[in-house]
Structures are given as structure tokens and as C-alpha cells.
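For the record, in the sequence shown the residue sitting at position 22 is 7 according to this note's numbering, with numbers rising by one throughout. Heads up, the beta-carbon is just placed ideally off N, CA and C, and yes, glycines get one too. Comments concern the structure below.
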Amino acid sequence: EIDGKALLLLNSDMMMKYMGLKLGPALKICNLVNRIKGRKHVML
-14 EIDGKALLLL NSDMMMKYMG LKLGPALKIC NLVNRIKGRK HVML
């Protein structure tokens, strides 16, 4: 099971290997995670 904190640490290779995702979906998730990481304000 992967929680939010663990999801922030995963890269696309790990998502494909351990979560069984294909390249396209793994890259989309990584892109979204990187966009969330880049935000300067806190979401409430």
C-alpha cells in the first residue's frame, strides 16, 4: 500500500516495476506529483 508521502518519493521506473503501470500512465502520475511538489502554497 502506498500513501501520499511514499507516492512523492516514487519515480516512473519504480511505478512501472512495483505498481505494474505502463510507461504512459507512470509518466502522467510523475508529472502530476512533480507539479504538486512545485507548489509554494499549502492546499487546505
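Opening and closing residue of the alpha helix (DSSP H) in which residue i lies
i	result
G23	8 to 23
L(-7)	-11 to -6
C-beta contact flag for residue i and residue j at 7 angstroms
i	j	result
L6	M(-1)	no
Residue burial classification, residue i (beta-carbon count within 10 angstroms, cutoff 16)
i	result
A(-9)	exposed
Pairwise C-alpha distance: residue j and residue i
i	j	result
L8	G23	22 angstroms
L(-7)	V18	6 angstroms
A11	M4	9 angstroms
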